[in-house]
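Protein chains in written order, with my numbering: chain A, 9 to 117; chain B, 3 to 632.
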């Protein structure tokens, strides 16, 4: 009988084991990464977001939690149109941030 | 008639070789210098052509034998390399300075050779010192004072006159080093070491030539400049011992100049003709450092006109990001600095527009970005899949398509205004990205991700062609530029126009007639629309039909980027606001009531900072139409 209950995989993140060198490299190249307040304006205005799951907000959160693969997946559909840059209330240089994340995290896999 | 023939006949006794074997050791520095530069140039030319892609090689050589192209080449080389009309237009004094040195020196060389050809033609053969003899002609000859003809005197006069012309240019150049603003330049380049060596030897060449020719004026002839100097010098030197040292000095300066030339800014003298030939052949920059780009890099004269042009120069710390320093680092292969500058640039193209040589440094920057970012993986498969939009159905046969583009989606007022105008004009239109669409690909291209951009271009093209429309109206200049240059929709019978052209045509044909009101407007030329697509007049004439047009301090091809440009990757928010402020100061100087622009990106950027009201071109037209109706 199915009660709708099962054992789910652990979603625990062990931040002690996180390798932060890539993150540190990223914030050295684009310090704006630290400015994000995860308000979601970027996702709301995103051109690619209508068709795909592009989300800079989630990508930054994922990176801070060490989920690099997931973060990269969220940026694959970005067309660099720059709308999020115009919208961002924190004035983050989003286009450079996206391009730097892509470069740093996918180059040195 | 008989006397005329007498003048043309060579009088054998007029000019006699003073030095028996027509050689003296002092010519050596010059000969070494000129041989070095000739070898260097030959190797350089072969290297540049070798690195061209095969298709470009064919194009280049074909253009050299096409009559139409040959005529264009000759015209461009004459006006751009010798007279430098572009510098004259920038500032007459600067133009005079440059053409005095460049064209004057050219005349000296040509006249010297003609003189040799007329009086001692045997010295034009290689074995008789053709390399150096015409340059040091005055040293080697003795003019028989009994037999000087009118023709001889004419040449004495011409040589002195041209030398004076060159010297006046050199004087101005020295003055410019001290106070460049007098010649219309707020900033000028800091010369590097090789530049300094070449610069100072260039400055010395002509005064030394004057000195050397003055000493020999009583022997080899001279005119209003050299003869009086000769009298003065003779009166207190009293002998001919100073002949040789001055000619040595003159020759050493020439040699030094040629030796320093390949490593200095003066490489532009010889590379510019090659650049003109290649540009007229239709070559484009593909690699940032090799082939055509190398010709561009070496054609940069390091004049620094681009420093004043750059919109980032409102902050002094940004002066180092100008094109002139970008190209200097490219020449030195300093990759770190090259990347830094390439990523910083706003790609507003103003430096390219104002460059007297026409070095397309924004294109080199994009090529450099490609080396950095083209490999980044992308995935547009879900956005480009056909399930998202119905591409097979002919939705709008023979009608108008409106593509708003990403940025216009952020400014609903522009979309609303354009739709109003469509309705008033009674057009059969469809708005293809009403519920969001794909990006045009230009932002990806500017970030150097060419292959990703190509995919978007392909998809957009499919959608537009399948709709069956005949006309595509765009409201964003960024889209407009790439649609014109990369999409090739004309091949499918689709006309691509920006809405400023569209409204202009409607008003001209009398389909819509907006009311004219007593409001003054300043028009801001968006970079991509003005310098990018050469549309300056249509928006202005639209504004004139709805209000009063006031000129900005700098406009048309000199307009200043709004600071929101998608070209720059690393310029941060704080620096961008500075650029915007500079652009707004330029627009508000003439005292217009409202600022009009024709680009959603400029509109959005200005609105955040401007004290004046910012309006869009379509908006002011649509408002006037409503007024008439109600």
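Even glycine gets a Cβ: it sits at the ideal position worked out from N, Cα and C. Owing to the predicted nature of the structure, the values given are computational and were not obtained by experimental measurement.
(message) Does residue 292 of chain B come out as helix, strand or coil in the three-state DSSP assignment?
(response) Along the second chain, one-based indexing puts residue 292 of chain B at 290. Residue 292 of chain B falls in the coil class under three-state DSSP.
(message) Looking at the strands, I want to know which residues DSSP matches up with residue 615 of chain B.
(response) By one-based count along the second chain, residue 615 of chain B stands at place 613. Answer is B:596, bridged to residue 615 of chain B.
(message) Please state whether the Cβ-Cβ distance between residue 171 of chain B and residue 102 of chain B is less than 8 Å.
(response) One-based indexing of the second chain puts residue 171 of chain B at position 169. One-based indexing of the second chain puts residue 102 of chain B at position 100. In this structure, residue 102 of chain B lies closer than 8 Å to residue 171 of chain B by Cβ.
(message) Please list the terminal residues of the continuous beta strand (DSSP E) segment that includes residue 473 of chain B.
(response) Within the second chain, residue 473 of chain B is the residue found at index 471, counting from 1. 473-476 is the extent of the beta strand (DSSP E) around residue 473 of chain B.
(request) Show which residues of chain B have a CB atom less than 7 Å away from the CB atom of residue 55 of chain A. (result) As a working note, residue 55 of chain A is residue 47 in the first chain. Chain B residues near residue 55 of chain A: 408, 438, 441.
(request) Give the straight-line distance between the Cα atoms of residue 114 of chain B and residue 360 of chain B, rounded to the nearest whole angstrom. (result) Counted from its first residue, the second chain places residue 114 of chain B at position 112. Counted from its first residue, the second chain places residue 360 of chain B at position 358. Taking the straight line joining both Cα atoms gives about 31 Å.
(message) Can you list, in chain order, the residues of its chain with a C-beta nearer than 7 Å to that of residue 6 of chain B? Leave out the 5 residues immediately preceding and following it.
(response) In the second chain, residue 6 of chain B corresponds to position 4, counting from 1. Any answer about residue 6 of chain B is weak, because its pLDDT of 47 lies below 50 and its placement is not dependable; what the coordinates show is given next. So the list is empty, once near-sequence residues are dropped.
(message) Strictly below 9 Å CB to CB, what residues from chain B border residue 1 of chain A?
(response) Outside the modelled stretch of chain A, which goes from 9 to 117, sits residue 1 of chain A, for which no answer is possible.
(message) Any beta carbon of chain A sitting closer than 8 Å to that of residue 295 of chain B?
(response) In the second chain, counting from the first residue as 1, residue 295 of chain B sits at position 293. Chain A, which has no Cβ nearer than 8 Å to the Cβ of residue 295 of chain B, makes this no.
(request) Pick out the complete alpha helix (DSSP H) segments inside the region 74-98 of chain B, 4 residues or longer, and give them in chain order. (result) 87-92
(request) Output the boundary residues of the alpha helix (DSSP H) element that contains residue 544 of chain B. (result) Along the second chain, one-based indexing puts residue 544 of chain B at 542. It spans 539-548 - the alpha helix (DSSP H) in which residue 544 of chain B sits, taken as one unbroken run.
(request) Could you round the C-beta distance between residue 262 of chain B and residue 203 of chain B to whole angstroms and report it? I think they count as a contact, below 8 Å. (result) Counted from its first residue, the second chain places residue 262 of chain B at position 260. Counted from its first residue, the second chain places residue 203 of chain B at position 201. Right, their Cβ atoms sit about 7 Å apart.
(message) Looking only at its chain, what residues have a beta carbon closer than 6 Å to the beta carbon of residue 530 of chain B, apart from the 5 residues adjacent to it on each side?
(response) Numbered from its first residue, the second chain carries residue 530 of chain B at position 528. So the list reads 479, 480, 483, once near-sequence residues are dropped.
(message) Buried or exposed, going by whether 16 or more other CB atoms sit within 10 Å of the CB of residue 380 of chain B?
(response) As a position in the second chain, residue 380 of chain B is number 378, starting the count at 1. Looking at its Cβ environment, which holds 16 or more other Cβ atoms inside 10 Å, residue 380 of chain B is buried.
(request) Note down, in chain order, each residue of its chain lying with its Cβ closer than 6 Å to the Cβ of residue 66 of chain A, except the 5 sequence neighbours on either side. (result) As a working mapping, residue 66 of chain A is identified with position 58 in the first chain. Excluding residues within five positions, the ones whose Cβ falls inside 6 Å are 82.
(message) If we require 3 or more residues per run, which beta strand (DSSP E) segments fall completely within the region 500-539 of chain B?
(response) 522-526
(message) Counting only beta-carbon separations shorter than 8 Å, does residue 118 of chain A have a partner in chain B?
(response) With chain A covering 9 to 117 only, the question about residue 118 of chain A has no answer from this structure.
(message) Can you confirm whether the region 73-84 of chain B touches the region 126-138 of chain B when touching is taken to mean that 3 or more C-beta pairs between the two stretches lie within less than 8 Å?
(response) no
(request) Taking only beta carbons into account, state which residues of the region 483-507 of chain B come closer than 7 Å to chain A, listed in chain order. (result) none
(request) Please list the segments of the beta strand (DSSP E) lying wholly inside the region 12-69 of chain B, counting only runs of 3 or more residues, in order along the chain. (result) 17-19
(message) Quick test of the definition: if touching needs 3 or more C-beta pairs under 8 Å, does the region 513-524 of chain B touch the region 541-549 of chain B?
(response) yes
(message) Between which residues of its own chain and residue 51 of chain B is the CB-CB distance below 6 Å, once the five residues before and five after are set aside?
(response) Position 49 of the second chain, counted from the first residue, corresponds to residue 51 of chain B. There are no such residues.
(message) Here's the rule: buried if 16 or more other CB atoms are within 10 angstroms of the residue's CB, otherwise exposed. What is residue 50 of chain A?
(response) Counting from one through the first chain, the residue named residue 50 of chain A turns up at place 42. Buried: at least 16 other Cβ atoms inside 10 Å.
(request) For the alpha helix (DSSP H) holding residue 278 of chain B, just list the boundary residues, first then last. (result) Position 276 of the second chain, counted from the start, is the residue given in the question as residue 278 of chain B. That run of the alpha helix (DSSP H) goes 270-282.
(message) Can you check which of these residues, B:158, B:246, B:433, is closest to residue 471 of chain B by C-alpha distance?
(response) Within the second chain, residue 471 of chain B is the residue found at index 469, counting from 1. Checking every option, the nearest Cα to that of residue 471 of chain B belongs to B:433.
(request) Could you tell me whether any Cβ in chain A is nearer than 8 Å to the Cβ of residue 446 of chain B? (result) In the second chain, the residue the question calls residue 446 of chain B occupies position 444. Yes, because at least one Cβ of chain A sits closer than 8 Å to the Cβ of residue 446 of chain B.
(request) Within 10 angstroms of the Cβ of residue 237 of chain B, are there 16 or more other Cβ atoms? Answer buried if so, exposed if not. (result) Numbered from 1 along the second chain, position 235 holds the residue referred to as residue 237 of chain B. It is exposed - the Cβ of residue 237 of chain B has fewer than 16 other Cβ atoms within 10 Å.
(message) I'd like the span of the beta strand (DSSP E) that includes residue 164 of chain B, first residue to last.
(response) Taking the first residue of the second chain as position 1, residue 164 of chain B is located at position 162. It is not in any beta strand (DSSP E) - residue 164 of chain B instead sits in the alpha helix (DSSP H) that spans 152-180.
(message) Let's see if you can read the secondary structure: which residues bound the beta strand (DSSP E) around residue 403 of chain B?
(response) Walking along the second chain from the start, residue 403 of chain B turns up at place 401. Looking at the DSSP string, the run of the beta strand (DSSP E) that includes residue 403 of chain B is 402-405.
(request) State yes or no: is the C-beta of residue 112 of chain A within less than 8 Å of the C-beta of residue 33 of chain A? (result) What you label residue 112 of chain A is simply residue 104 of the first chain in a count that begins at 1. What you label residue 33 of chain A is simply residue 25 of the first chain in a count that begins at 1. It is a contact, given that the beta carbons lie within the stated cut-off.
(request) Say whether chain B places a C-beta atom closer than 8 Å to the C-beta of residue 22 of chain A. (result) In the first chain, counting from the first residue as 1, residue 22 of chain A sits at position 14. It does not: the Cβ of residue 22 of chain A has no partner Cβ on chain B nearer than 8 Å.
(request) Whole angstroms is fine: what's the gap from residue 42 of chain A's alpha carbon to residue 71 of chain A's? (result) Residue numbering aside, residue 42 of chain A sits at position 34 when the first chain is read from its first letter. Residue numbering aside, residue 71 of chain A sits at position 63 when the first chain is read from its first letter. The straight-line gap from Cα to Cα measures roughly 11 Å.
(message) Just to check my reading of the structure: residue 54 of chain B and residue 62 of chain B have Cβ atoms closer than 8 Å, yes? What is that Cβ distance to the nearest angstrom?
(response) As a working note, residue 54 of chain B is residue 52 in the second chain. As a working note, residue 62 of chain B is residue 60 in the second chain. Correct: roughly 7 Å between the Cβ atoms.
(message) Quick check on residue 566 of chain B - is its C-beta less than 8 Å from some C-beta in chain A?
(response) Against the second chain, residue 566 of chain B aligns to sequence position 564. Chain A, which has a Cβ nearer than 8 Å to the Cβ of residue 566 of chain B, makes this yes.
(request) Note the first and the last residue of the continuous beta strand (DSSP E) segment covering residue 431 of chain B. (result) By one-based count along the second chain, residue 431 of chain B stands at place 429. Looking at the DSSP string, the run of the beta strand (DSSP E) that includes residue 431 of chain B is 431-433.
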